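In this note's numbering, the protein residues as written are 5 to 376. Okay, structure first, notes after.
See the structure below:
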């Protein structure tokens, strides 16, 4: 006798997974960053329960993580239609708006979130950062300080506040705040170089040197620390040491126009005129700029090479709108280099040659009168 099919013990009746099971498995995949699998599971669950809040928030999170911001936005908004106070949707949609540079909208969503969870310092930090981007600096400052009242050593709030102080030109306050950040990581290379630059800004050169040296102990080839340390030596008129430090940048980089100009200045001060000329010319390879041009005018004037000095002077003074400021800058450069006599000789040469435009000749004559 044939056994009925539904009584066959070999038949495996598989139970269809529930929405809860699907949601749990999808969340596991999301946490493991298996986004394709997570998205497929969330989609399956949403076909069964289109308004399920866990599935909508999960799908929103996956789409946000994978950069599908329009779909993430749609999921979070659907969830907020079902539950206007859903924390996951408010926070997630705020993050999406931030990614899309809709910072004011993001702030409004996060503020609604904070009404329900008022001491979430991570969301408070998001608000402060977006206020800073919107240049709402007082509001950002207040937000960072509110976080620090809750958590005095919060690294992200301290870093954000230090950056804000830096932007506002409050350099000494920024240094103090960045130094508090360093307590989390004494070898934080980025912070060490920033503090070094800020110390340089406030003319605390010895302190700047110490921070650049600390940075170089972490990364001996760091170009920002090398450049900064070279500047410290240059300030102390240790031109040979400045050049030695700056030369360490060039095997790994072509350098910058400013770097080659400053090397040209340092070589000039050491009397190494061929090296100075070469550095200024390298600076001009990046494009015409007043500082290497002025350096070459001074260099050739010092050597009484009036033709070359006149050539670069002509390049320096081609911009009619900037004529006065450029000539004044050149005069200061000559005087700083103790080349006043060479400058007067160049100006007299230019007047006698008479090949410059009349406006330039008038400006030269005026400078001679002022110097006399």
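Here a beta-carbon is modelled for each residue, glycine too, at the ideal position from N, C-alpha and C. Predicted, not measured: the structure shown is a model, and the values here were computed from it.
_Residue span of the alpha helix (DSSP H) that contains residue 341, given as start and end_ = The residue you call residue 341 lines up with position 337 of the chain shown. Looking at the DSSP string, residue 341 is not in any alpha helix (DSSP H), and its letter there is neither H nor E.
_With a threshold of 8 angstroms, are at least 3 pairs of Cβ atoms found where one atom belongs to the region 239 to 246 and the other to the region 214 to 228?_
Here the region 239 to 246 makes no contact with the region 214 to 228; the two share fewer than three CB pairs at distances below 8 angstroms.
*Pull up the distance between the alpha-carbon of residue 313 and that of residue 320, whole angstroms please.*
Here the question's residue 313 lines up with position 309 in the chain shown. Here the question's residue 320 lines up with position 316 in the chain shown. Those two C-alpha atoms are separated by around 10 angstroms.
*Go ahead and pull the three-state DSSP assignment for residue 369.*
Within the chain shown, numbered from 1, the residue matching residue 369 stands at position 365. DSSP, reduced to helix, strand and coil, places residue 369 within a helical segment of the structure shown.
*Beta-carbon proximity check, residue 138 vs residue 108, cutoff 8 angstroms*: Counting from 1 along the chain shown, the entry for residue 138 is found at position 134. Counting from 1 along the chain shown, the entry for residue 108 is found at position 104. Between residue 138 and residue 108, the C-beta gap is smaller than 8 angstroms, which places the two residues in contact.
*Taking residue 344 as the reference, give the member of 306, 327, 356 and 355 with the closest Cα.*
Mapped onto the chain shown, residue 344 falls at position 340. Of 306, 327, 356 and 355, the residue nearest in Cα terms is 306.
_Buried or exposed (CB count within 10 angstroms, at least 16 for buried), residue 216_ = As a first step, residue 216 is located in the chain shown; it is residue number 212 there, counting from the start. With 16 or more other Cβ atoms from the protein chains shown falling within 10 Å of its own Cβ, residue 216 counts as buried.
*Do you know offhand how far residue 275's Cα is from residue 179's?*
Taking the first residue of the chain shown as 1, we reach residue 275 at position 271. Taking the first residue of the chain shown as 1, we reach residue 179 at position 175. Cα to Cα, the separation comes out at about 37 angstroms.
*Less than 8 angstroms between the CB atoms is what I'm expecting for residue 330 and residue 294, so what's the real figure, rounded?*
The residue you call residue 330 lines up with position 326 of the chain shown. The residue you call residue 294 lines up with position 290 of the chain shown. Confirmed, Cβ separation roughly 6 angstroms.
*From the DSSP output, in three-state form, read off residue 206 for me.*
For the purposes of this step, residue 206 is taken as the residue at position 202 of the chain shown. Coil, per DSSP.
*Indicate the three-state DSSP secondary structure (helix, strand or coil) for residue 90 in the structure shown.*
Mapped onto the chain shown, residue 90 falls at position 86. The three-state secondary structure of residue 90, taken from DSSP, is coil.
*asked:* So for residue 13, helix, strand or coil by DSSP?
replied: Start at 1 with the first residue of the chain shown, and residue 13 comes out as number 9. Note that residue 13 has pLDDT 49, beneath the 50 cutoff, so the model's placement of it is unreliable and the number below is only indicative. In the structure shown, residue 13 falls within a coil segment according to DSSP collapsed to helix, strand and coil.
*asked:* Suppose you measure from the CA of residue 13 to the CA of residue 69; what does that come to, to the nearest Å?
replied: Against the chain shown, residue 13 aligns to sequence position 9. Against the chain shown, residue 69 aligns to sequence position 65. In this predicted model, residue 13 has a pLDDT of only 49, less than 50, meaning its place in the structure is not dependable enough to derive any value.
_Other residues of its chain near residue 257: CB distance less than 8 angstroms, five sequence neighbours each side excluded_ = As a working note, residue 257 is residue 253 in the chain shown. For residue 257, where only same-chain residues beyond five positions count, the Cβ hits under 8 angstroms are 227.
_If the criterion is Cβ atoms closer than 8 angstroms, does the pair residue 284 and residue 259 meet it?_
Your numbering for residue 284 matches position 280 in the chain shown. Your numbering for residue 259 matches position 255 in the chain shown. Not in contact: residue 284 and residue 259 (Cβ atoms no closer than 8 angstroms).
*Who are the near neighbours of residue 45 in its chain, counting only those whose CB is closer than 7 angstroms to its CB and skipping five residues on each side?*
Residue numbering aside, residue 45 sits at position 41 when the chain shown is read from its first letter. In chain order, 26, 29, 30 and 33 place their CB closer than 7 angstroms to the CB of residue 45, counting only its own chain and leaving out the 5 sequence neighbours on each side.
_Does the contact criterion of 3 or more C-beta pairs under 8 angstroms hold for the region 169 to 176 versus the region 185 to 194?_
Pairwise C-beta distances place the region 169 to 176 out of contact with the region 185 to 194, as fewer than three of them are shorter than 8 angstroms.
*Identify whether residue 376 lies in helix, strand or coil by the three-state DSSP scheme.*
Position 372 of the chain shown, counting from 1, holds the residue named residue 376. Looking at residue 376 - three-state DSSP - the assignment turns out to be coil, as it is neither helix nor strand.
*Specify, as a first and last residue, the run of the alpha helix (DSSP H) that residue 25 falls within.*
Numbered from its first residue, the chain shown carries residue 25 at position 21. For residue 25, the uninterrupted alpha helix (DSSP H) segment begins and ends at 23 to 35.
*Given residue 351, which residues of its chain have a CB within under 6 angstroms of its CB, disregarding the five upstream and five downstream residues?*
Taking the chain shown and counting its residues from 1, one reaches residue 351 at position 347. For residue 351, the CB contacts under 6 angstroms within the same chain, skipping 5 residues up- and downstream, are 368 and 372 in chain order.
*State the DSSP-derived secondary structure class of residue 139, mapped to helix, strand or coil.*
In the chain shown, residue 139 corresponds to position 135, counting from 1. Three-state DSSP puts residue 139 in coil, outside helix and strand.
*Would you tell me roughly how many angstroms separate the C-alpha atoms of residue 328 and residue 207, rounded to the nearest one?*
Locating residue 328 in the chain shown gives position 324, where the first residue counts as 1. Locating residue 207 in the chain shown gives position 203, where the first residue counts as 1. When rounded, the separation of the alpha-carbon atoms in residue 328 and residue 207 is 29 angstroms.
*By Cβ distance below 7 angstroms, which residues in the same chain neighbour residue 39 in space, the five residues on each side in sequence not counted?*
The residue given as residue 39 occupies position 35 in the chain shown. Excluding sequence neighbours, residue 39 sits near 66, 69 and 70.
*For residue 356, which residues of its own chain have a beta-carbon under 6 angstroms away from its beta-carbon, when the five flanking residues on both sides are left out?*
Indexing the chain shown from 1 puts residue 356 at position 352. No residues qualify anywhere along the chain.
_By the DSSP assignment, the alpha helix (DSSP H) with residue 245 in it spans what residues?_
Taking the first residue of the chain shown as 1, we reach residue 245 at position 241. Run containing residue 245: 243 to 251, per the alpha helix (DSSP H) assignment.
*First and last residue of the alpha helix (DSSP H) that includes residue 256?*
Walking along the chain shown from the start, residue 256 turns up at place 252. In this chain, residue 256 is not harboured by any alpha helix (DSSP H), its DSSP state being neither H nor E.
*Contact belief for residue 287 with residue 261 at Cβ below 8 angstroms, rounded distance in angstroms*: For the purposes of this step, residue 287 is taken as residue 283 along the chain shown, with counting starting at 1. For the purposes of this step, residue 261 is taken as residue 257 along the chain shown, with counting starting at 1. About 5 angstroms separates the two Cβ atoms, so the contact holds.
*Tell me, to the nearest whole angstrom, how far the beta carbon of residue 303 is from that of residue 338; I am working on the premise that it is less than 8 angstroms.*
Taking the first residue of the chain shown as 1, we reach residue 303 at position 299. Taking the first residue of the chain shown as 1, we reach residue 338 at position 334. No, residue 303 and residue 338 are not in contact; Cβ-Cβ is about 11 angstroms, not under 8 angstroms.
*Just how far apart, CA to CA, sit residue 290 and residue 326?*
As a position in the chain shown, residue 290 is number 286, starting the count at 1. As a position in the chain shown, residue 326 is number 322, starting the count at 1. One Cα belongs to residue 290, the other to residue 326, and the distance between them is close to 21 angstroms.
*DSSP state of residue 53 mapped onto helix, strand, coil*: Sequence index remark: in the chain shown, residue 53 carries index 49 (1-based). It is coil, neither helix nor strand.
*Where residue 7 falls: helix, strand or coil (DSSP)*: Numbered from 1 along the chain shown, position 3 holds the residue referred to as residue 7. Low per-residue confidence applies at residue 7: pLDDT is 48, beneath 50, and the placement is therefore not dependable enough to give any value.
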